[in-house]
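Have a look at the structure below, then the notes.
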Amino acid sequence: MDVARQLKNAINSGKVIFGQRQTSSLCSKGEAKLVLIAANCPDNYIDELRNSYPKVPVHQLTLVNRQLGAACGKPFPVSTLCVLDPGQSDLMQLAPNV
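Last residue of the sequence shown? That's 151 in the working numbering, and every number before it is there in order.
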């Protein structure tokens, strides 16, 4: 699967939120369907997310935060993003790997 293409599809046709605080907030509200994390996201954040919200699938990508930001079409690094609505993308097929 071409993750960059699927991310663009999700951003254009669905609802995706960027950032660690926003992701944590949406997980606590039960709105998160999938969390995608950059390869260089801090381990303590990943552990906190996994332990606090075990029902939310978390997938760590091979892209580092600068690459993930570029793949999302953003001019800044993105370490975490939360998929609320995948739209016409196939992102929900990514298996949890963290």
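Yeah, the Cβ is synthetic: ideal placement off N, Cα and C, and Gly gets one too.
Keep in mind that this is a model prediction, so the values were computed, not measured.
By the criterion of a C-beta distance shorter than 8 Å, H112 is surrounded in its chain by L87, V88, L89, I90, L147, A148, P149, N150 and V151, once the five residues flanking it on both sides are discounted. Per the C-alpha coordinates, the member of L79, L60 and I70 positioned closest to K108 is L79. Rounded to whole angstroms, F129 and A123 show a C-alpha spacing of 8 Å.
Annotation note: the stretch 55–140 contains the following uninterrupted alpha helix (DSSP H) runs of length 4 or greater, listed N- to C-terminal: 56–66, 73–82, 96–105 and 118–124. C135 sits close to A85, with the two beta carbons spaced by under 8 Å.
A residue is called buried once 16 or more other Cβ atoms fall within 10 Å of its Cβ, and T115, having fewer, is exposed.
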